[in-house]
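A.B. asks: Residue numbers in the sequence shown follow the numbering used here, run continuously in steps of one, and reach 243 at the last position. Could you have a look at this structure, given as structure tokens, before my questions?
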Amino acid sequence: MRRLLLALPFALLPLVAAQAADTHDHEHGSLGAHEHGVARLNAALDGKTLELELQSPAMNLVGFEHVASSDADKAKVAAVHAQLAQPLALFSLPATAGCTVASQELESPLFGDKAEDHDHDAEGDEHDHSEIHAHYQFTCATPAALKHLDLGNLFKTFPATQKIAVQLIGPSGQQGVEVTAKAALLTF
Ligand SMILES: [Zn+2]
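Here it is, written out as structure tokens:
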């Protein structure tokens, strides 16, 4: 799989630094880049390929960050997983662009993925922060129809999300934008 975002590391230095901090500070729950209510989105459009990478505190999406044990919590996690698995609707990609999902990956400790750092005891885990990462690649038959990326439905679906810090790379260049529910429209 071609990863546009990784092909452009210069564009993502702050995010890479944030991810490194994420890994190292995880066991103390002191994530500098993890602020509840705030998510990050990388979006890259190159020819017919659209790539979206959403990184969100689990709190914004499911309302908690511990691994679900009760039936109610498990149901909540399953519902969020199902919503994230429908990215065409979640990101309101216009039908006229003819986008299809080429690949998608959903990763989170809440989805049963093993955390990368397992050198700390399980006892302290309930106070740790957890994120949900969603990575999508689309092939769009008519990319010219992708003038905008409307995150309105994302805010509507996950109302605990207050702000999304977006790195957008498209035909007109690269931009960093902060979007909110009231100003959720991005222009490529
Ligand atoms: Zn957290």
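The beta carbon of each residue, even a glycine, is placed where N, CA and C say it ideally should be. Predicted, not measured: the structure shown is a model, and the values here were computed from it.
1) In its own chain, which residues sit with a C-beta less than 6 Å from the C-beta of His-190, not counting the 5 before and 5 after it?
2) Give every residue of the same chain whose Cβ lies closer than 6 Å to the Cβ of Glu-120, excluding the five residues on either side of it in the sequence, and list them in chain order.
3) If you follow the beta strand (DSSP E) that Gly-225 is part of, which residue opens it and which one closes it?
4) Pick out every residue whose C-beta is nearer than 6 Å to a heavy atom of ligand 1: which are they, in chain order?
5) Beta-carbon separation of Pro-198 and Ala-152 under 8 Å?
6) Name the DSSP bridge partner or partners of Asp-126?
7) For the beta strand (DSSP E) that Thr-155 lies in, which residues bound it at each end?
8) Taking the straight line between their C-alpha atoms, what separation do you get for Asp-80 and Lys-129?
9) In chain order, what residues of the same chain lie with their CB nearer than 7 Å to the CB of Asp-126, ignoring the 5 residues before and after it?
C.D. replies: By the coordinates alone:
1) Taking the first residue of the sequence shown as 1, we reach residue 190 at position 135. Closer than 6 Å at the Cβ level, and outside the excluded window around His-190, lie Glu-108, Glu-160.
2) Here residue 120 corresponds to residue number 65 of the sequence shown, with the count starting at 1. Closer than 6 Å at Cβ, skipping near neighbours: Ala-113, Met-114, His-184, Ser-185.
3) For the purposes of this step, residue 225 is identified with residue 170 of the sequence shown, where counting begins at 1. Start and end: 218-225.
4) His-89, His-91, Pro-112, Met-114, Glu-120, His-184
5) Mapped onto the sequence shown, residue 198 falls at position 143. Mapped onto the sequence shown, residue 152 falls at position 97. In contact: Pro-198 and Ala-152 (Cβ atoms closer than 8 Å).
6) Working through the sequence shown from its first residue, we reach residue 126 at position 71. DSSP lists no partner for Asp-126.
7) In the sequence shown, residue 155 corresponds to position 100, counting from 1. Element bounds for Thr-155: 154-162.
8) Taking the first residue of the sequence shown as 1, we reach residue 80 at position 25. Taking the first residue of the sequence shown as 1, we reach residue 129 at position 74. With a pLDDT of 40 at Asp-80, under the threshold of 50, the modelled position of that residue is not reliable, and the figure given next carries that caveat. Asp-80 and Lys-129: Cα-Cα distance of roughly 27 Å.
9) Here residue 126 refers to the residue found at position 71 of the sequence shown. The answer is none, since no qualifying residue turns up.
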